[in-house]
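Heads up, the thing below is written out as structure tokens.
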Amino acid sequence: MKKNTAVVLFNLGGPDSLENVRPFLYNLFSDPDIFRFPLAFISQRLFASLASRRRTTGAQANYAAIGGKSPILENTQKQADALQQALGDDSYTVFICMRYWHPMTAEVITTLKREGYEQVILLPLYPQYSTTTTGSSVNEFRRHCRKQHYQPVIKIIDPWYGQDDYQLAMVESIKSAAEKLPDSNPESIHLLFSAHGLPQKIVDDGDPYEKQIQTTYEAMCQRLQWPHTSLCYQSRVGPLPWLQPYIQDVLKELAEKGTKQVLVYPVAFVSDHVETLYELGMQYAELAGSLGIPHYHVVPALNDHPLLIKALKQLVLDKSS
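So in the working numbering, the last spot in the sequence shown is 1187, and the numbers never skip.
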């Protein structure tokens, strides 16, 4: 029986137990769109095996600190359920497709093919485009479509960092979080927008992510009109230069200036996971405290915020027309 349109939400995925941290990392380090090697069919597997083994213990400790697993699947499922309800009828069915953990691309495509979906709308839950996120997910989807001889009409939603309801959701979340600080006056708050970093080499090779993050930041500054804001990057790994300034350097500078209240917004993320809950919420909170910043608060990611769901619905409808 012919089905209507499948809406596929792309996200990173995360381990659902401490035992699955290592295979999750192996999948991440096996991604040919991020890590490129000569004779990749041999060297990629070796690199992924060594890198995942080396990083497992530290990553397990991070996940243990937030409950023993990543909450990203549950948060994405809430988004999918809310979007399904918002779309309202049987014309669309919403699916989740994770890049590095279940439900993974091959499984999702098997379901789409079996159920007869002839049109698929790919909706990356990454507002800003990068070859390492949206690009990787789209490439993986197309690869597995070819492997499974599945040929739907595929429509890909463009980067949506400028979507009005999405930006209004961020404004609303930031203002709400500010009320939890001892002094909610924007004059007394430094608002720090933190984005996931990228190796500088990837940006130098033409990846548009940094420009789109900068545009998002400028739009938020325009909407909020708060006097003290800055943009930084987090999640750097390895010795190579990444996008700067690094969050730890910005926190040190703010402490030296005597800043007492820092409100952090995870500008590149729409779902809470280890990088918002542990890295921003624990690791850098501890650093801020040690530097003498007495009030440090992280704004929750949008998750299933009604305005985000409204934005996602409009993106689907616009792509369908």
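Don't be surprised by glycine CBs; every beta carbon is placed ideally from N, CA and C. The structure presented is a predicted model; accordingly, all values stated were derived computationally and were not measured.
Nearest residue (CA-CA) to residue i, options the options
i, options, result
"PRO990", "GLN1066, ASN1005, CYS1087", "ASN1005"
"SER909", "GLN1127, PHE895, HIS1010", "PHE895"
"ASN1150", "LEU1058, ASP1024, ASP1073", "It is worth fixing the name first, because residue 1150 is Tyr in this sequence and not Asn. Of the candidates LEU1058, ASP1024, ASP1073, the one whose C-alpha sits nearest the C-alpha of TYR1150 is LEU1058."
"VAL1037", "SER996, ASP1073, ARG920, CYS1087", "CYS1087"
"TYR892", "PHE913, TYR929, VAL1182", "PHE913"
"ILE1068", "THR997, GLU1084, PRO1172, ALA931", "THR997"
"LEU1183", "ARG919, ALA952, VAL887", "ALA952"
"MET1148", "SER883, LEU949, ILE932", "ILE932"
"THR1081", "TYR1027, GLY1072, GLN950, GLN1110", "TYR1027"
"CYS963", "ARG920, ARG1008, ARG919", "ARG1008"
Residue i classed as buried or exposed, judged by whether at least 16 other C-beta atoms fall within 10 angstroms
i, result
"THR1000", "buried"
"LYS935", "buried"
"GLY954", "exposed"
"ALA1167", "buried"
"LEU927", "The sequence as given places Ala at residue 927; Leu does not occur at that position. Exposed, since its Cβ has fewer than 16 Cβ neighbours within 10 Å."
"VAL1140", "buried"
"GLY1063", "buried"
"ARG965", "buried"
"GLY1104", "exposed"
"THR923", "exposed"
"PRO1132", "buried"
"LEU916", "exposed"
"LYS1179", "buried"
"HIS1171", "buried"
"SER1156", "exposed"
"SER883", "exposed"
"MET867", "With a pLDDT of 45 at MET867, under the threshold of 50, the modelled position of that residue is not reliable, and no figure is offered here."
"HIS1015", "exposed"
"GLU885", "exposed"
Beta-carbon proximity list for residue i, same chain, < 6 Å, skipping 5 on both sides
i, result
"ALA1177", "GLN1029, ASP1031, TYR1032"
"PRO1111", "CYS1098"
Under 7 Å between C-beta atoms of residue i and residue j
i, j, result
"LYS1021", "LYS869", "no"
"HIS844", "GLN1127", "Residue 844 is absent from the model: the chain starts at 867 and stops at 1187."
"GLN994", "ILE900", "no"
"SER1039", "VAL1165", "yes"
"LEU1097", "LEU1153", "no"
"PRO1018", "GLU984", "yes"
"LEU1129", "ALA1044", "yes"
"GLU1125", "PHE1135", "Correcting the residue type first, residue 1125 is Thr in the shown sequence and not Glu. Not closer than 7 Å, so no."
"PRO898", "PHE890", "no"
"PRO1074", "LEU1106", "no"
"LEU1174", "ILE1023", "no"
Cut-off 7 Å between Cβ atoms - residues of its own chain near residue i, not counting five sequence neighbours on either side
i, result
"GLU1145", "GLN1100, SER1101"
"ASP1138", "PRO937, ASN941, PRO1166, ALA1167, ASN1169"
"SER1042", "none"
"VAL887", "PRO881, THR922, ALA925, GLN926, TYR929"
"GLY1158", "ALA1121"
"TYR1083", "PHE1059, LEU1097, VAL1133"
Cβ-heavy atom distance, residue i to the ligand HEM, below 6 Å
i, result
"TRP1092", "This structure does not include the ligand HEM; it has no bound ligands of any sort."
Cβ shell of residue i (< 8 Å), same chain only, five flanking positions each side left out
i, result
"ARG911", "SER896"
"ARG980", "none"
"THR871", "SER957, TYR958, THR959, TYR983, GLN985, VAL986, ILE987, SER1186"
For the pair the segment 936-956 and the segment 870-887, tell me if three or more CB-CB distances fall below 8 Å.
yes
Would you call the segment 1117-1127 and the segment 973-980 in contact, with 3 or more CB pairs under 8 Å?
no
Do the segment 1048-1062 and the segment 1083-1098 meet, that is, are 3 or more Cβ pairs less than 8 Å apart?
yes
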